[in-house]
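Colleague: In this text, residue positions in the sequence shown follow the working numbering: the first is 4, and each later residue adds one.
Quick reminder that beta carbons are idealized off the backbone N, C-alpha and C, glycines included.
Computed from a predicted model, the values in this text were never measured in an experiment.
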Amino acid sequence: MTRFAIQDRIFQAAAALTLLVVLASFTGGTIGQARDIASRLAAAHLGSPGVPSDLPLPEPLLLNKIDPQSAREINVAIPFSTAPIPAARPFALAGETASREKAVDCLAAAMWYEAGNDDRGQRAVAQVVLNRVRHPAFPATVCGVVFQGSERTTGCQFTFTCDGALRRTPSEVAWAETRARARSALGGLVDASVGLATHYHTDWVHPIWSAKLEKIAQVDTHLFFRWSGKWGQPAALRQGYAGHEQPIAKLASLSLSHRAELSEDAVMIADAAGLVPVAVADVKTTLASLEAPAMPPPSLEGVHFINAREEGNGGSLAMQALNVCGDQKFCKVVGWLESSGRANALPTSSADREAVAFLYVRDRRTGVDRAFWNCSHFERKSSSQCLGADRARWIGFNGNFQSDRRSGTQNT
C-alpha cells in the first residue's frame, strides 16, 4: 500500500471519529461512547496490509465543555513526563521552487495564526508541524498537515483553518518576519524545547485527547504533547517528505505561490467566501508606514522586466514572475504596460510609475513576497492587491524597511 493510500485511510478514520463525536452531542450519547464506536471503525480502515495495526489516530481538536479555570486546574494536575525528551532531527526541505514556496507559506500561516507575532511560540508551532510531516499518522507534506480537515467546520487539526480566523490577516512586517522564521525551520533550524511533540493546546482548554498523551513541554500558555510508547519516539518519525505541495485556496490572500496555481474559478470562490481580506494593521506598524528607499538600488541585480498585456485579471503575470525569479533570493519583476514603449529600466517619475502594470517583489532575507497589479488595467477582487500610490514605493524596495520621514513613523 502506498503512503498516500495509508494517509487516505487515516483521514477516513479521523473523519469517522469527528462525525461520531458530533453526533453524540446531538443524540445524548457520551464522547466516550462515540470514541468507542469510532475506534472500531478506525480499525476497519487501518487494518490493511502496509498499515501498522497500532498506528495512532490523529484526533480532531474537540474540547471538553468546561470553563477556562476548570481546564487550567485539570491541565496542571497532569504531570510532565519524566522520560527523556530528544530533539527532532533538522528538517531539510526539498523539491521544486514553487512547491517549496507553498510549504513556506503554509508553515508561516500556522505559526502566525496559532502564536501571533511571538517568536518563541511561532518556532514551537513550526516544530510541531514538521514533527507531524515526519510521522506516519499524518500527511507527508507541510500544507497537508496544516490544512488537514480544513474543509469541515469541525474536525480540523489546526482551528484557524476552519473557524474563520483567516479573514484576519497579518501586517506586511509581521507576515515577512513569520515567513523568514518558517524558512529557517524548513532549512534545518530545530526548536529542541518541544522535542518530538505532535500535539499542543492552550492551558485554558482541555481537549478530549489531552489525558491520553505525554505532556512534555510548556511554552507560555501552550502545552505540548507526544504519543506515549513507540509512536512518540524518534524511530516513529521516519516518514519521508512527499513534496509536491498543493495550492490552498484559503491562502490566496497571503500567498502568491498558492494563488498563482489556483484556477480563476477557485480564486473567485475564495474571494466570495471572504478569504481575500484587507490586511489588518500590526500594533507597531501600518502598511502606510512601510516605505521602501526613495532611490532605486544601485544596481539592477535581481531586477527583471516583462511586458504586461491588458487581459483578464492579470493572474498569468504572477505565474510569469515566479518562473522568471526561479530560486533567486532577491527578485523584483516590473511589468511595464505593453503599450508604454518602456523597457529595461526602473520608473523614475510619477508618470513612469503609472505605466507599471504589475510588480512582484521577493526578498527571502526579510520574508517579503508581494505582488501588486495596476487596478486601472486589471480587475482584482481585493483592493489590497492594487498598486496604488502608497504601494508604488515597493518598486524601489531593495531589501530594507526604512522610516517614513514624512509621517515620523519608525518601522520595526
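#1: Hey, is the stretch 361-381 in contact with the stretch 330-339, meaning 3+ C-beta pairs nearer than 8 Å?
#2: DSSP beta-bridge partners for lysine 218?
#3: Which value, in whole angstroms, describes the spacing of the CA atoms of glycine 243 and leucine 60?
#4: Give me, in chain order, the residues of the same chain whose beta-carbon lies closer than 6 Å to that of tryptophan 234; leave out the 5 immediate sequence neighbours on both sides.
#5: How long is the line joining the alpha carbons of histidine 48 and threonine 181, rounded to whole angstroms?
#6: If the criterion is Cβ atoms closer than 7 Å, does the pair alanine 416 and valine 136 meet it?
#7: Buried or exposed: which applies to glycine 119, given that a residue is buried once 16 or more other Cβ atoms fall within 10 Å of its Cβ?
#8: How should alanine 126 be labelled, buried or exposed, when 16 other C-beta atoms within 10 angstroms of its C-beta is the threshold for buried?
#9: Give the secondary structure of threonine 289 by DSSP, where H, G and I count as helix, E and B as strand, and everything else as coil.
#10: Do serine 231 and glutamate 217 count as a contact pair if the criterion is CB distance below 7 Å?
#11: Residues bridged to arginine 394 by DSSP?
#12: Along the chain, where does the beta strand (DSSP E) containing asparagine 334 start, and where does it finish?
#13: Just to confirm the assignment: which complete alpha helix (DSSP H) runs, minimum length 4, are found wholly within the stretch 128-182?
#14: Give the C-beta separation of glutamate 104 and serine 260 to the nearest angstrom, bearing in mind that I take them to be a contact with Cβ-Cβ under 8 Å.
#15: Measuring only the C-alpha atoms, how far is alanine 129 from leucine 325?
#16: Could you give the distance in angstroms between the alpha-carbon of histidine 138 and the alpha-carbon of proline 71?
#17: What's the gap between the Cα of glycine 416 and the Cα of phenylalanine 375?
#18: Just to check my reading of the structure: glycine 370 and alanine 183 have Cβ atoms closer than 8 Å, yes? What is that Cβ distance to the nearest angstrom?
#19: Between arginine 1 and tryptophan 207, what straight-line distance do the alpha-carbon atoms span, to the nearest angstrom?
#20: What does arginine 92 pair with, by DSSP beta-bridge criteria?
#21: For cysteine 378 and serine 153, what's the separation of their Cα atoms in angstroms?
#22: According to DSSP, is proline 280 part of a helix, a strand, or is it coil?
#23: Are at least three pairs of beta-carbons, each pair with one atom in the stretch 88-95 and one in the stretch 164-183, less than 8 Å apart?
#24: Closest by CA to tryptophan 212, which one among Ala238, Gly167, Gln160, Leu199?
#25: Taking the C-alpha atoms as reference points, what is the distance between arginine 262 and isoleucine 77?
#26: Excluding the five sequence neighbours on either side, which residues of its own chain have a C-beta within less than 6 Å of the C-beta of phenylalanine 83, listed in chain order?
#27: With DSSP as the reference, identify every bridge partner of arginine 373, one or two as the case may be.
#28: Count the other C-beta atoms from every protein chain shown that fall within 10 angstroms of the C-beta of arginine 394, then say buried if there are 16 or more, exposed otherwise.
#29: Under the DSSP definition of a beta bridge, which residues are partnered with leucine 66?
#30: Are the Cβ atoms of valine 148 and phenylalanine 141 separated by less than 7 Å?
#31: Just to confirm before moving on: does the CB-CB distance between asparagine 134 and leucine 199 stay below 7 Å?
#32: What residues in its chain sit with their C-beta under 8 Å from that of leucine 278, if we drop five residues either side in the sequence?
#33: Just to confirm before moving on: does the CB-CB distance between glutamate 357 and arginine 312 stay below 7 Å?
#34: Counting along the chain, where does the alpha helix (DSSP H) carrying alanine 324 start and finish?
#35: State the Cα-Cα distance for the pair serine 196 and alanine 220, rounded to the nearest angstrom.
Modeller: In short:
#1: Yes, since at least three Cβ pairs between the stretch 361-381 and the stretch 330-339 fall closer than 8 Å, the two stretches touch.
#2: Partner(s): Phe83, Phe228.
#3: About 19 Å.
#4: Correct list, in chain order: Pro59.
#5: Any answer about histidine 48 is weak, because its pLDDT of 44 lies below 50 and its placement is not dependable; what the coordinates show is given next. Each residue's CA atom was taken as its position, placing histidine 48 and threonine 181 some 38 Å apart.
#6: Nothing about residue 416 can be read from this structure; the chain reaches only from 4 to 415.
#7: Glycine 119 should be labelled exposed.
#8: Checking the sequence shown, residue 126 turns out to be arginine, not alanine. By the C-beta density criterion, arginine 126 is buried, having at least 16 other C-beta atoms within 10 angstroms.
#9: Only weak support is given to the placement of threonine 289: the predicted model assigns it a pLDDT of 33, under 50, and the question is left unresolved by the model.
#10: It is a contact, given that the beta carbons lie within the stated cut-off.
#11: Answer is none; arginine 394 lacks a bridge partner.
#12: It should be noted that the sequence gives cysteine, not asparagine, for residue 334. Counting along the chain, the unbroken beta strand (DSSP E) around cysteine 334 starts and ends at 333-340.
#13: The qualifying runs are 145-149.
#14: Right, their Cβ atoms sit about 4 Å apart.
#15: C-alpha separation (whole angstroms): 25 Å.
#16: Spanning the two alpha carbons is a distance of roughly 31 Å.
#17: Because the chain spans 4 through 415 in this model, residue 416 falls outside it and cannot be assessed.
#18: Contact between glycine 370 and alanine 183 holds, since their C-beta atoms are separated by about 4 Å, short of 8 Å.
#19: The structure shown does not extend to residue 1, since the chain is modelled only from 4 through 415, so no value can be given for it.
#20: BP columns for arginine 92 are empty, so no partner.
#21: Roughly 32 Å separates the two Cα atoms.
#22: The pLDDT assigned to proline 280 is 42, lower than 50, so where the model puts this residue is not dependable, and the model offers no usable value.
#23: No: the two stretches stay apart, fewer than three of their Cβ pairs being nearer than 8 Å.
#24: Comparing alpha carbon positions, the residue from Ala238, Gly167, Gln160, Leu199 closest to tryptophan 212 is Gln160.
#25: Those two C-alpha atoms are separated by around 43 Å.
#26: Non-local C-beta neighbours of phenylalanine 83 in its own chain, meaning closer than 6 Å and more than five positions away in sequence, comprise Lys218, ordered along the chain.
#27: Val364, per the DSSP bridge assignment.
#28: So arginine 394 ends up on the buried side.
#29: According to DSSP, leucine 66 bridges with Pro210.
#30: Cβ atoms of valine 148 and phenylalanine 141: closer than 7 Å.
#31: Yes. Within cutoff.
#32: Because the pLDDT of leucine 278 is 48, which lies under 50, any placement of that residue in the model is unreliable, and the number read from its coordinates should be weighed accordingly. Result list for leucine 278: Leu169, Arg170, Ala252, Lys253, Ala255, Ser256, in chain order.
#33: With contacts defined as CB atoms closer than 7 Å, glutamate 357 and arginine 312 fail to qualify as a contacting pair.
#34: Counting along the chain, the alpha helix (DSSP H) containing alanine 324 begins and ends at 318-328.
#35: Taking the straight line joining both Cα atoms gives about 7 Å.
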